[in-house]
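If you're matching them up, the sequences are chains A and B in order.
Residue numbers for the first sequence follow full-length UniProt numbering, so the first one is 1 and each next one is one higher.
Residue numbers for the second sequence follow full-length UniProt numbering, so the first one is 1 and each next one is one higher.
Note that CB positions come from ideal geometry on N, CA and C, so glycine has one too.
Note that the coordinates shown come from a computational prediction; the quantities given were computed from them, not determined experimentally.
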Amino acid sequence: MNTHQPDTEHPDSAAASAPEPERKKSVQLRRMAEQAGGGIGPLILKIVLLGLFDALGVFAVLLIVQAQNWFMLVVVAAIIVFFNWVYLRPGATPAKYLAPGFAFLIIFQLFVVVYTGYIGFTNYGTGHNGSKDQAISSLLASGQERVEDSASYPVTVLQQGDTLGLLVTEADGTVKYGDAEHPLDEVNDAEMDGDTATGRPGFDTLTFADILTVQDTLTELAVPLSDDPNDGSLRTSDGRQAFVYVSNLVYDEEADTLTNTETGVVYTASAEGTFQSENGKNLYPGWNVTVGFDNFAKAIGEESIRGPLLSVTVWTFVFAVISVATTFFLGLFMAIVFNNDRMRGRKMYRALVILPYAFPAFLSAMIWAGLLSKSYGFINQVLFFGAEIPWLTDPMLAKFSVLAVNLWLGFPYMFLVTMGALQSIPDELQEAATVDGARPWQIFRLIKLPLLLVSVTPLLIASFAFNFNNFNIIYMLTGGGPRFEDADANIGATDILISMVYKVAFTGQTRDYGLASVFSILIFIIVTIVTVISFKRTKALEDIN
Amino acid sequence: MLVKPQRFIALGAIATSAALLLSACSGGGTDDKKDDSASSLTVWVDAERIDALKAAAADYTTESGVKVNLVSKDVSTTKDDFLQQAPTGKGPDIIMGAHDWAGELVTNGVISPIELGDKAADFSDVALRAATYEGKVYQLPYAVENIAILRNTALAAETTPATWDDMIAAGKAAGTKYPFVVEQKADGDPYHLAPFAASFGASIFGVDADGGYDPNNLILGDAEGVAFAQWLSKVGAEGIISPEIDGDIAKQAFLDGESPYWLTGPWNVSAATDAGITVAVDPIPSAGGQPANPFAGVKGFYINSESKNAVAANDFLVNYLGTNEVQKELAAVGSVLPALTEAATEAGADPIIAGFTAAGKNAIPMPAVPAMGAVWQYWGIAETEILNGSEPVARWAKLASDVQAAIDADKK
C-alpha cells in the first residue's frame, strides 16, 4: 500500500512517550481509510474486479453450456448473480465482507467435508474406480478376442456422408468394402495404387490427419465379415491395419446383463457394483455405487480392521495429548527463563530457540529419520558410541522417538505464544503478590498460570487438533512403522489415524477410498467432540477473571 | 477513534475476491488447454527416461503431425495418479509403466488392450509374455530390465566370482568399507533379494508349462524357501545385507568407492559412469548353488481406456515406438535392452547391456496378478524381520500363510 509511511520519518520519536506514536498511527490509519473508502479510485478498482469476475463467470458459463452440464450451469449462474447483487447494491455491508470468505468456506471446507462423507457411503476403490458406462465399455473392449491365426488386413478408411467404412485389400488382391451396417462385400470400382486399394468414387479417402478428427467413431467401428455374426468383425485401432475379432461378451441393455457367448454364463448387474454370475463370480472392473453403512460396518465389524483401528485410535490420543503437554510445558519453561531480566544475551537465545520452528516440519522429520537410523545415524554413531539402538524400528522406542522429535519441532511455537501471553500479564500482579509474601512457585501456579491458560487454551486446543492429524511427522519419520505383525493391512505401531487413512486410500494394490473416508469421518467426529468440550471448559476458565 | 475499521475489511474483501478470481482464472485456463486439440497426445514418462524419448517424440510429430506432450512423472506416483485421473477422462493418453502394473490397471478398467498384429512375433519372448495379461496384450514393451552385479573395475579387476562366499571374500579383500551393497528399505525390498532366493530354488510361484509364473501354485513355504530364510538370517547377522542400507546409501557407497560390488539395475549405470567409475556388469553370484536368476521387468506403455485419441495413441505406440529404429535409439540413450528382438541383438554389442542380458538370461517376468501388491508387502516385511534377527523358520512359515490368505482373498 503506497500510503504507508516509513517509521524513520522522525527518528527521534522512537524515544518519545507512548501516546505520541499511537496518535501518529491513527492519523496514518485514517488516511489509508479515506483512500480506500471514498473517492473514485476504489470505485474503479471495484468495477474492474467485479468486471473481471463477471467476464470469467460468462466464460465459465459458455464452457458449461458446451459440456451440457445443466446442474453446474444453475450453480455457477446463481453464484455470479449473487456476487453482483451483493457488491452492486448499496448497503448490506456485512454481506460484502462475508461473501468472499463464505465462498472460500464452501469451496475448501464444506464441499470437502460433504464429498468425503459421500465417498464414505460408496465402494469407491480398486475394482470400483469409475462409472458403470466405463466399466461396461472396458469389459466389452477386453471381451474382444482376435480370431486365432486370422490374417491382418491393410485398410483404408473411407467416408460417405457421416458413415465411416473400411476398404480392404485381401492378400489375393480382392478388394472389399463394408461399414457398420453392411458386411464386407467385393467392389470393382476401387482406385488402385499398385496392389493396394486407396479409394472409391463417391467416397472420401481419409488421410491420417482426417482420421484423427473422427477417432471416437473409428475405434467404435466394427465391420462384419459376413452376415453371420460368429465370423467376427473387422476393427482397426490405428486406421492402417484391421484384424478380425469376435466378441465373447454381449451386453443386453434391457436386462442389464453381460453374457459370455463361449460359456453361456450370464452376469447380472449387482447391487455391489459389479456384473456377477449366479455362482458369485464377479467381472472386474466394476463401478462405484452407494453401499449405505457397509463401510462403517466393516470398520467396526471386521476383526482385522477393528483391532488395528482401536490401537491406532488410542495411540493417536496418546500422541496428541503428550505432544501438546510436552511442547507446552517446555515452551512455557523456556519463556519463563528468557523472560527473566537478569539473563544476558536473551535475544540471541530466543532466536536460537525459535530455529526448529523456522524449518519446514517435513524436512526436519526426514533429517531426524536419518539421525536416528540404527546403524548409520549420527545419534547412535556419535552420541552412543556405535550402539545399535533401534530408535525407529522397535515399537516402544519408535513411539518415544516420534514424541521426542515432535517436541523438538513443536516447543518453539509454544515458546512464542506463552512468551507473548506472559508479557501481557502486568508486572504489578507479581509485585503485589511478592509484597503479600507469596513464593515464586505460588505466584506462578496460582496467579500466572491461570491467567496464562485463559489466553492460551484456545491455542492448545488448536494444537491438539493439529497433532491429532500430524501426518508429516509420522509419514516422514517412521512411515507408521514398525508394522504390526498380526495386522492384515500395512499398519504399524506409530501410525496415527490420518496416516492410517492415507495407507488405506493410497498405498498397496487394493485401495479403498470408501473405507478411508469412513475413517476420516471418525477423525472429524472425534476432533469436533474434543474441541467442543474443551471450549466449554475454556469458558469456565474465563470466569477466573 | 474516528477510524472506521470497515474500510480495511472492505479492502481485504476486494483483495480476497481478486485472489478468488485469479485462482479461478488459472484453474479454468489449464483445463481448457488440455482438450484443445484432437491431434495431440499426452504421455506420462518416468523422470529418468524422458530425455531418451524426447527425440523420438519430436520425430513422430514431424512424421504424423500429432503433437506429443511428454510429461515427466515420478515413477512412484504415476500409477496412483493415473488410477484417479483416468476415469474422469482428464488423464493422459499414454503412460509409461512396469508390466506388473497390468493386473491392477485392468481390474480398474483404466487401460485398453493393444493389438500388435503380426508385430508380436518381432518382440522377444520375455517381453511379450510380460506384456500379456489374461491372454491379452495391454502394454507396448520397450525395454527389458533386470538387476545384475555392477563392479567397480578399479577395486575389483577380476570378474565377479560365481558364488556368494567367494564374492564376499573378494569384496573383503578389496579392503573397502563394505564388501558388497544392495539396497533394502525399512519394509523390505524382495525384488533385490529375489536372485539369492532363486539360487536356493525358492520363489513365490511355481513355473507353468509355458515358462511363466503360475499364480495358482504357491511354493513360497517349501523347504527351499526355508533354506533361503536361514541364509538370510545368517547374512543379516553378519551385517552384509542390512535393511538400514537404502537406495541412497547403497548408491553413495558405490559412487564413493566404498564397495566394489553393487547389485542394481541399468537405471543406475549412468550415475556410476558420471561419477567417473569404470564399471563392468557381471552375473549375480549364487548363494544356494543354483543359478541366481533375477526377476525380469518390462518397461512399456499403456493406453488410457478413456483416451479421446485412441487412434493416434495406437499409431504412436505400435507403428512408431514399436519399430527397430526407435527402439535402438531409446536403448542407446538409456542403456537398456530393447524389447524387439532385432534391436536387442544390435544393442547387445554394448558391453553394459550385454552384461545385464547375461545376468538375466533365464529371468522370468514378475507376476502381474493383482494380489502381487500384498505379496510384495508380506514378503518384504518378513525378509526385513529375518535380517533384523527374527527366527527364520517360523517367520517364513507365517509369511507363506499370510501370502496364501492374501491370494485366496483376491480370488473372491
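Taking 8 Å as the threshold (beta carbon to beta carbon), is residue i in contact with chain B?
i: Lys399(A); result: no
i: Phe243(A); result: yes
i: Arg445(A); result: no
i: Arg146(A); result: yes
i: Leu225(A); result: no
i: Ile44(A); result: no
i: Gly91(A); result: no
i: Ala67(A); result: no
i: Ile47(A); result: no
i: Ile389(A); result: no
i: Ala209(A); result: yes
i: Ala141(A); result: yes
Can you name the residues of chain B whose CB is closer than 7 Å to the CB of residue i?
i: Ser375(A); result: Ser242 and Glu244
i: Asn490(A); result: Gln377
i: Thr219(A); result: Ala310 and Val311
Does the CB of residue i have a neighbour CB from chain A at under 8 Å?
i: Pro215(B); result: no
i: Glu115(B); result: yes
i: Ser39(B); result: yes
i: Glu104(B); result: yes
i: Asn314(B); result: yes
i: Gly65(B); result: yes
i: Gly257(B); result: no
i: Asp93(B); result: no
Use the C-beta contact count for residue i: other C-beta atoms within 10 angstroms, 16 or more gives buried, fewer gives exposed.
i: Ala400(B); result: buried
i: Val45(B); result: buried
i: Pro360(A); result: exposed
i: Trp70(A); result: exposed
i: Leu409(A); result: buried
i: Gln144(A); result: buried
i: Ile525(A); result: exposed
i: Tyr133(B); result: buried
i: Val235(B); result: buried
i: Met192(A); result: exposed
i: His182(A); result: exposed
i: Tyr245(A); result: buried
Give me the chain A residues within the contact set of residue i, using Cβ-Cβ distance strictly less than 9 Å, ordered along the chain.
i: Val110(B); result: Asn129, Gly130, Gln134, Ser138 and Pro285
i: Asp80(B); result: Phe506, Thr507 and Arg511
Report the neighbours of residue i on chain A: residues whose CB is nearer than 8 Å to its CB, in chain order.
i: Pro87(B); result: Asn129, Gly130, Ser131 and Gln134
Residue i touches chain A at which residues, Cβ-Cβ below 7 Å?
i: Ser76(B); result: Correct list: empty, because the minimum Cβ distance to chain A is about 10 Å.
i: Gly118(B); result: What sits at residue 118(B) in the sequence shown is Asp, not Gly. The answer, in chain order, is Ser152.
i: Ala202(B); result: What Ala202(B) touches in chain A: nothing, since even the nearest Cβ is about 21 Å away.
Skipping 5 residues on each side, what residues in its chain have a beta carbon closer than 6 Å to that of residue i?
i: Val504(A); result: Asp512, Leu515 and Ala516
Check whether chain D comes within 8 Å of residue i, counting only Cβ atoms and requiring the distance to be less than that.
i: Ala310(B); result: As a matter of chain content, chain D is missing from the structure shown, whose protein chains are A and B.
If the cut is a Cβ gap below 8 Å, which residues of chain B does residue i touch?
i: Gln215(A); result: Ala38, Lys308, Asn309, Ala310, Val311 and Ala312
i: Gly239(A); result: Val311 and Asp315
i: Phe293(A); result: Going along chain B, no residue has its Cβ under 8 Å from Phe293(A), so there is no contact; the nearest lies around 21 Å.
Excluding the 5 residues preceding and the 5 following residue i in the sequence, name in chain order all residues of the same chain whose CB lies nearer than 8 Å to its CB.
i: Glu342(B); result: Asp122 and Asn324
i: Lys328(B); result: Pro338, Ala343, Glu346 and Ala347
i: Ser131(A); result: Trp287 and Asn288
i: Gln85(B); result: Gly91 and Pro92
Using a Cβ-Cβ cutoff of less than 7 Å, which residues in the same chain neighbour residue i once the five nearest sequence positions on both sides are dropped?
i: Glu48(B); result: Trp267
i: Tyr320(B); result: Tyr60 and Val326
For the region 146–162 of chain A and the region 198–205 of chain A, state whether three or more C-beta atom pairs, one from each stretch, are separated by less than 8 Å.
yes
Touching by the beta-carbon criterion (3+ pairs, under 8 Å), the region 284–292 of chain B and the region 196–203 of chain B:
yes
Three or more C-beta pairs under 8 Å: does that hold for the region 159–179 of chain B against the region 274–285 of chain B?
The region 159–179 of chain B is in contact with the region 274–285 of chain B.
Using 8 Å as the threshold, is the region 313–324 of chain A in touch with the region 466–481 of chain A, meaning 3 or more CB pairs across them?
yes
Stretch-stretch touch, CB-based, cutoff 8 Å, three pairs: the region 233–251 of chain B with the region 167–182 of chain B
yes
Determine contact between the region 115–128 of chain A and the region 279–296 of chain A, defined as no fewer than three beta-carbon pairs at a distance below 8 Å.
yes
Segment contact flag, the region 292–301 of chain B with the region 134–152 of chain B, C-beta cutoff 8 Å, min 3 pairs:
Contact between the region 292–301 of chain B and the region 134–152 of chain B is present, because at least three Cβ pairs lie under 8 Å.
Are the region 53–72 of chain B and the region 307–320 of chain B in contact at 8 Å, needing three or more beta carbon pairs?
Two segments are said to touch when three or more pairs of C-beta atoms, one from each, lie closer than 8 Å; by this definition the region 53–72 of chain B touches the region 307–320 of chain B.
Would you be able to state if there are at least three C-beta pairs under 8 Å between the region 375–382 of chain A and the region 407–422 of chain A?
Taking 8 Å as the limit for Cβ pairs, the verdict is that the region 375–382 of chain A does not touch the region 407–422 of chain A.
I'd like to know if the region 388–405 of chain A and the region 472–486 of chain A are in contact, where contact means that at least 3 CB-CB pairs between them fall below 8 Å.
yes
For the region 40–58 of chain A against the region 79–94 of chain A, do three or more pairs of beta-carbon atoms, one drawn from each stretch, fall closer than 8 Å, so that the two count as touching?
When Cβ pairs closer than 8 Å are counted between the two stretches, the region 40–58 of chain A is seen to touch the region 79–94 of chain A, the count reaching three or more.
Three-pair Cβ contact test at 8 Å for the region 267–279 of chain B versus the region 204–213 of chain B:
no
Counting pairs of Cβ atoms below 8 Å between the region 158–170 of chain A and the region 218–237 of chain A, do you hit three or more?
yes
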